[in-house]
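Undergrad: Numbering (the working numbering), first residue to last: 490 to 620.
1) Here's a check: name, in chain order, each residue in its chain whose Cβ is nearer than 7 Å to the Cβ of residue 670, leaving out the five neighbours to either side.
2) Ordered along the chain, which non-local residues of its own chain (more than five positions away) have a Cβ less than 7 Å from that of residue 518?
3) I need the straight-line Cα distance from residue 567 to residue 533, nearest angstrom please.
4) Of all the options 528, 606, 586, which has the alpha carbon lying nearest to the alpha carbon of residue 620?
5) With a threshold of 7 Å on Cβ separation, who are the neighbours of residue 575 within its own chain once the five nearest residues in sequence on each side are excluded?
6) Compare the Cα-Cα distances from residue 499 to each of 607, 598, 603, 590 and report the closest residue.
7) To the nearest angstrom, how far is it from the Cα of residue 508 to the Cα of residue 514?
This is the structure we're talking about:
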């Protein structure tokens, strides 16, 4: 049995991750809206049953991605609030303490970005075929 060692980091490292992730999620949310517009354009120009089924597939996928983005943003903001509370309660000590790294959150972000990237590549291939 392998034992995983808990990674400990400074609060500034956690804060940096949060800022990067939240900025990325804002970008992804904006991109989802743009891609949904592109999908809608195809739907307006092509009324064939096959194309409409493909449109529905992508619309559903991007609705789901928007939900995942909101869930991730809420989780990150909750962690930010926890760290802010800790900082407020112990402002001097917090700079000298090490906190448990948010490995699970990092894995969730990596998984999201991987799935999102693959979906976007799939959509780009489909758009090229349907344009």
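Quick reminder that beta carbons are idealized off the backbone N, C-alpha and C, glycines included. Quantities reported herein were computed from a predicted structural model and do not represent experimental measurements.
TA: Taking the geometry as given:
1) Past the boundaries of the shown model lies residue 670; the chain is included only from 490 to 620, so the question cannot be answered.
2) 555, 558
3) 40 Å
4) 528
5) 583
6) 590
7) 10 Å
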